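Chemist: Dropping the structure in here first, questions after.
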Amino acid sequence: MTLMPLQCWLIANIFATNDIHLIVAPIIVTISTMAFIRIIHVMAGVAWFGAVVTVNTVLIPYLLSIEIGNRREVLTTLFPRIFRLASVLSLAAVLTGSALLYLMIGTEISILWESQWGLYILIGGTLATILTVFHFIIEERLEKPLGAILDDSKNSDIEVATKFLRVVPRVGLVVISTVLLLMIFASHGYYP
């Protein structure tokens, strides 16, 4: 295989417990395990944010603009895929964030409420965990009933479902935006 000038092939090999060797054509970079986890954490968090923004700015407006009879199909085919992606990304962000926190502070959890950095992490991590639980438990249970309401119900039921679809994703966007801001503040703050 030949490498194109703009092509970048990333192969992760763990050669030691503390280092990860990345082959980024044609340079070999050695980074710590913590740095590798941080890269995954940031990428998952930003992609999760992007998925929520897409739901709010593209999918919900599209769903509400199409004929009522077609909404059920969109809600039951397209939305589960996007929601599943957001769920996986949220889980990846929360798990890697938890791993980073453990690598940084170990069992010294008092630092979370004794420092500005800790408060950012504590509040942001708690909100992210709540949103992840919402993704995996509540969101899936809401998709099919909403699809049925949008297609088979009276106009008053459709109006309630439409309001629901306008409000809940926006609340999610506010929460994940808050999480992202808190994590940005924390990344420029105190490190134990």
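Just so you know, my numbering puts 552 at position 32 of the sequence shown, and the rest follows in order with no gaps. Think of the CB as a built atom: it goes at the ideal place given N, C-alpha and C, for glycine as much as any other residue. All figures in this text were calculated on a predicted structure; none of them were measured in a lab.
#1: In this structure, how does DSSP classify S630 when only helix, strand and coil are distinguished?
#2: Determine, using beta carbons only, whether L621 and W633 come nearer to each other than 9 Å.
#3: Residues in its own chain within less than 7 Å of L647 by CB, not counting five upstream and five downstream?
#4: DSSP three-state call for S635: helix, strand or coil?
#5: Tell me which same chain residues have a C-beta within less than 8 Å of the C-beta of V572, skipping the five on either side of it?
#6: For T627, is the classification buried or exposed, using 16 other Cβ atoms within 10 angstroms of its Cβ as the cut-off for buried?
#7: How about G617 and M703: are their beta carbons less than 9 Å apart?
#8: Quick test of your reading: T652 and S610, contact by CB under 8 Å. State the CB separation rounded to the nearest angstrom.
#9: Rounded to the nearest angstrom, what separates H708 and L579 at their Cα positions?
#10: What do you get for Y582, buried or exposed, if any count of 16 or more other CB atoms within 10 angstroms of its CB means buried?
Modeler: In this structure, then:
#1: The count along the sequence shown starts at 1 and reaches residue 630 at position 110. Annotated three-state conformation of S630 is coil, per DSSP.
#2: Numbered from 1 along the sequence shown, position 101 holds the residue referred to as residue 621. Numbered from 1 along the sequence shown, position 113 holds the residue referred to as residue 633. Cβ atoms of L621 and W633: not closer than 9 Å.
#3: Against the sequence shown, residue 647 aligns to sequence position 127. Cβ within range, chain order: V695, T698 and V699.
#4: As a first step, residue 635 must be located in the sequence shown, where it is residue number 115. Coil, per DSSP.
#5: For the purposes of this step, residue 572 is taken as the residue at position 52 of the sequence shown. Answer for V572: A606, P689, G692, L693 and I696, listed in chain order.
#6: Working through the sequence shown from its first residue, we reach residue 627 at position 107. By the 10 Å Cβ count, T627 comes out exposed.
#7: Your numbering for residue 617 matches position 97 in the sequence shown. Your numbering for residue 703 matches position 183 in the sequence shown. Contact flag set, yes.
#8: Your numbering for residue 652 matches position 132 in the sequence shown. Your numbering for residue 610 matches position 90 in the sequence shown. Their Cβ separation, rounded to whole angstroms, is 4 Å, which keeps T652 and S610 in contact under 8 Å.
#9: Taking the first residue of the sequence shown as position 1, residue 708 is located at position 188. Taking the first residue of the sequence shown as position 1, residue 579 is located at position 59. Each residue's alpha carbon lies about 34 Å from the other.
#10: On the sequence shown, residue 582 is found 62 positions in, with the first residue counted as 1. So Y582 counts as exposed.
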